[in-house]
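Working notes, beginning with the structure itself.
Number of protein chains: 2
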Amino acid sequence: MKFHMNSIRTVSRVLRNRSPSLQLHSNHVLTAQLHSSSKQTNRGGSFGIAFDIDGVILRGHTPIGDSPKALRRLYHDSGSLKIPYLFLTNGGGIPESRRASDLSQILGVNIDPIQVVQGHSPFKNLLKRYENELVVATGKGEPAVVMCEYGFKKAISLDEYASYFNNIDPLSPYKLWTTKQPCNEQRSSSESVPSFVVASERVKAAFVVSDPVDWSRDIQVLCDILRSGGLPGEKSDHQPHMYFAADDLEYQAVFPSERLGMGAFRIALESIFNRIHHKPLEYTSFGKPNPSVFKNAESILKQLQPLTNDGDLNEDNKDMKLNHFETLYMIGDNPSVDIKGARQAGYPWFSILTRTGVFRGKENHTEYPADQVVDTVEEAVEFILQREGNA
Amino acid sequence: MKFHMNSIRTVSRVLRNRSPSLQLHSNHVLTAQLHSSSKQTNRGGSFGIAFDIDGVILRGHTPIGDSPKALRRLYHDSGSLKIPYLFLTNGGGIPESRRASDLSQILGVNIDPIQVVQGHSPFKNLLKRYENELVVATGKGEPAVVMCEYGFKKAISLDEYASYFNNIDPLSPYKLWTTKQPCNEQRSSSESVPSFVVASERVKAAFVVSDPVDWSRDIQVLCDILRSGGLPGEKSDHQPHMYFAADDLEYQAVFPSERLGMGAFRIALESIFNRIHHKPLEYTSFGKPNPSVFKNAESILKQLQPLTNDGDLNEDNKDMKLNHFETLYMIGDNPSVDIKGARQAGYPWFSILTRTGVFRGKENHTEYPADQVVDTVEEAVEFILQREGNA
Chain X
17 MKFHMNSIRT VSRVLRNRSP SLQLHSNHVL TAQLHSSSKQ TNRGGSFGIA FDIDGVILRG
77 HTPIGDSPKA LRRLYHDSGS LKIPYLFLTN GGGIPESRRA SDLSQILGVN IDPIQVVQGH
137 SPFKNLLKRY ENELVVATGK GEPAVVMCEY GFKKAISLDE YASYFNNIDP LSPYKLWTTK
197 QPCNEQRSSS ESVPSFVVAS ERVKAAFVVS DPVDWSRDIQ VLCDILRSGG LPGEKSDHQP
257 HMYFAADDLE YQAVFPSERL GMGAFRIALE SIFNRIHHKP LEYTSFGKPN PSVFKNAESI
317 LKQLQPLTND GDLNEDNKDM KLNHFETLYM IGDNPSVDIK GARQAGYPWF SILTRTGVFR
377 GKENHTEYPA DQVVDTVEEA VEFILQREGN A
Chain C
17 MKFHMNSIRT VSRVLRNRSP SLQLHSNHVL TAQLHSSSKQ TNRGGSFGIA FDIDGVILRG
77 HTPIGDSPKA LRRLYHDSGS LKIPYLFLTN GGGIPESRRA SDLSQILGVN IDPIQVVQGH
137 SPFKNLLKRY ENELVVATGK GEPAVVMCEY GFKKAISLDE YASYFNNIDP LSPYKLWTTK
197 QPCNEQRSSS ESVPSFVVAS ERVKAAFVVS DPVDWSRDIQ VLCDILRSGG LPGEKSDHQP
257 HMYFAADDLE YQAVFPSERL GMGAFRIALE SIFNRIHHKP LEYTSFGKPN PSVFKNAESI
317 LKQLQPLTND GDLNEDNKDM KLNHFETLYM IGDNPSVDIK GARQAGYPWF SILTRTGVFR
377 GKENHTEYPA DQVVDTVEEA VEFILQREGN A
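First to last, the protein sequences are chains X and C.
Counting from 17, one number per residue, gives the positions in the first sequence under our numbering.
Counting from 17, one number per residue, gives the positions in the second sequence under our numbering.
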């Protein structure tokens, strides 16, 4: 492996110097790099970018830090992708396809669903385990739709699940929610989860897809599910598994100071569960700064590499999928999520911290210093393109 | 004191034996007891009863355990109070006056507001400290109305408070609450808290009056208030004081298994606050099993004693206010709240545990055994009246 990486580095250095005379290397990786460089007169596919969304690209639904301008620089004039990039957010609640089209509209560039990695995207990988099992999903947006799109056959929103248990939420008379059951709406009637299944079958896993809205109901019903072995009212020592899409304690939204995130919900649920149950809560959380998220992002960026050559997917370019990037840039606003994550992920990650979100410091962050600190995402992209000789 | 108590006990024993010949005692306590006994041919004012409501008297809004029948036995045929009793609940959210009339209607007896002690009733005692200060109140029902009725001039619901800060709750677009501002509705316009006060004045204290409904919003806004010295966005190390009406982890509602109570909310808030703030949350919680609640109940029951003599408030009866009860019965369903509380309060409290709520055991509770275990509140009253020679 070491030799392989070194060879790429050598090529890169050569390319950076814009020298056409190359050292002798016989592996196809080099061939691919050359192919790329000859077309673009730059390092081409040797770097990629991951953008955090909230506090970097958008605040609420509004672009910040000249993000539309920054993103346009990553495309050819033809509108096709020049630099492999993706969005790496802990947020979510709607399917990646819908998020991609929303972002395309707000930012004025053409974003493919593969370029949107949300907190819950790794839930796809659990399909084999739970495809035909009863699972509940909660969070703002349409958590059950997300799970259905991933292929889970018996995913049901906590909203809908709770509706099958009279008086399970003693505070419901004080709430005037609109309860959506979008998952079933999108299914044909033959596909929907029948009510007798919900009332008699044990829930095998609970997924927090996005920030929960109704904490009192969600914590109550999750505690009911988790301490009953998956069927409120029953007794069982077996705790159904609990998955969180992310574990952000706080994040930057529209309000001037940070807002509580999914990590805060996890702390609330865990603290209460551990007081009412004899065995501590077991759970798995995904999202940044988890190193697996950065590994996954790298592999998606590799898939995006060929597209940077105007979709010219010849044999050489196909091989590029196996390439290692020389540098992957993580642009984020949250030191303990984005920067900590990129640092933990290590090579080839390079962290850039903006001042448009959680972080507002003059210098670098003390606990999780970034490789580079800039004011805005536009500055970050300018820095990257300069550094890569691609400006 | 010891002699005094012994003398009352002596009298009681005599009365229990229904003997007209009494030992010689010259203090007025004895005189009062005699006066009472001569009218009622029983121990009259020497005992009183405190009833928990949820899981003992009602489940939801429905009477349980023959509670209407049990309560009727505490009244004279004329409808006036025969046995001093009150309701001692950790619940709340509406003023005592309204709760009394609601209970009167449901239970078919005439209940005076003084007989309703809710979790938040001790907040009255904080009036001197906060009468003219900006304070926020949260919980189901009408928390600000409760505080206004107690005399707090600048009490505002967290619902209303949050409405002055745009985007303070990032989840609000996902919620379709009806936001009530009942406190101001009941005030004349000259009395209401002007918006400039809310936006510029520091909150001096936060009161959790009843079970919070919108946990995510309440935890977020309380954290904002508590870590900013009372004005979200500002910086201050001083934490405004935080008061909880009760600290029940769980309680029995309509759903077959226990539901999370105010104590669970406190745990959630505290766990999150302690993660985002460098100083741990400081707070005061009231409600059972706090011994002060039982002291307060005793003093109210003393005020009710004279009423047991058909309202005949002569000089002797007035003196009875100073009497000590021989026995005060606490009838509850929750071992760790009602029974633990009565045990901690000690003499003259006698605890009776029903099987209609949290507790469902065959024998006594292991950790907090009651002095007596019965099936229902009707059985509890029967037991008391038998024991007191008053059946």
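The beta-carbon is built from N, C-alpha and C at its ideal position, and this holds for glycine as well.
- Distance from the CA of C/A66 to the CA of C/Y101, rounded to the nearest whole angstrom, comes to 6 Å.
- Secondary structure at X/E149: coil, using DSSP grouped into helix, strand and coil.
- In this structure, the alpha-carbon of C/Y259 lies about 27 Å from that of C/R75.
- Distance from the Cα of X/G81 is smallest, within the candidate group X/D391, X/I400, X/D175, X/E404, for X/D391.
- If only uninterrupted beta strand (DSSP E) runs of at least 3 residues are considered, those enclosed by the stretch 111–175 of chain C are 150–154, 170–173.
- Under the 8 Å Cβ criterion, the stretch 345–357 of chain X does not count as touching the stretch 169–181 of chain X, having fewer than three qualifying pairs.
- For C/T370, the number of other beta carbons within 10 angstroms of its own is at least 16, and it is reported as buried.
- Three or more beta-carbon pairs separated by less than 8 Å link the stretch 392–401 of chain C to the stretch 83–102 of chain C, which places the two stretches in contact.
- Ranking X/T78, X/I73, X/S96 by CA distance to the CA of X/L320 puts X/S96 first.
- The C-beta of X/D253 has fewer than 16 other C-beta atoms within 10 Å across all chains shown, which makes the residue exposed.
- In terms of Cβ geometry, C/A269 and C/R275 form a close pair [threshold 8 Å].
- Where C/A66 is concerned, there is no enclosing alpha helix (DSSP H), although the beta strand (DSSP E) around it starts and stops at 63–67.
- When the five nearest sequence neighbours on each side are left out, the beta carbons in the same chain lying within less than 6 Å of the beta carbon of X/I127 are those of A116, L119, S120, in order along the chain.
- Listed along the chain, the chain X residues whose CB falls inside 7 Å of the CB of C/W365 amount to none; the nearest CB is some 27 Å away.
- Contact check for C/I316 and C/V161: beta-carbon distance about 22 Å, past the 8 Å limit, so the pair fails to qualify.
- The three-state secondary structure of X/G279, taken from DSSP, is helix.
- The alpha-carbon of X/R403 is positioned some 20 Å away from that of X/E314.
- In the DSSP secondary-structure assignment, X/E266 is bridged to X/L276.
- The C-beta distance from C/Y180 to C/A222 rounds to 15 Å, too long to fall under 8 Å, and the pair is not in contact.
- In this structure C/P248 is buried. Its beta-carbon is surrounded by 16 or more other beta-carbon atoms within 10 angstroms.
- Under DSSP, the beta-bridge partners assigned to C/A221 are C/V151, C/H257.
- For C/H294, the closest C-alpha among the options C/F271, C/S244, C/P228 is that of C/S244.
- For C/S83, the enclosing alpha helix (DSSP H) begins and ends at 83–88.
- Contact of X/F271 with chain C is assigned, a C-beta pair being separated by under 8 Å.
- Between X/F310 and X/G357, the CB-CB gap stays under 8 Å.
- Counted as a single uninterrupted DSSP element, the beta strand (DSSP E) harbouring X/L369 occupies residues 365–369.
- For the stretch 380–392 of chain C, the beta-carbon criterion of a distance under 9 Å to any beta-carbon of chain X is satisfied by none of its residues.
- Beta-bridge pairing by DSSP links X/I347 to X/F67, X/I368.
- The beta carbon of X/P138 is closer than 6 Å to those of F302 in its chain, skipping five residues each way along the sequence.
- The beta carbon of X/R291 falls within 8 Å of a beta carbon belonging to chain C, placing the residue at that interface.
- Assigned with DSSP and collapsed to three states, X/F399 falls in helix.
- For X/S208, the three-state secondary structure derived from DSSP is coil.
- When beta bridges are read from the DSSP output, X/P79 appears opposite X/L74.
- In summary, C/R145 is exposed, with fewer than 16 beta-carbon neighbours lying within 10 Å of its beta-carbon over all protein chains present.
- Apart from the 5 residues on each side of it in sequence, C/A178 sits with its Cβ closer than 7 Å to the Cβ of I184, D185, R233, V237 in its chain, given in chain order.
- Less than 8 Å divides the Cβ of C/F366 from the Cβ of C/Y345.
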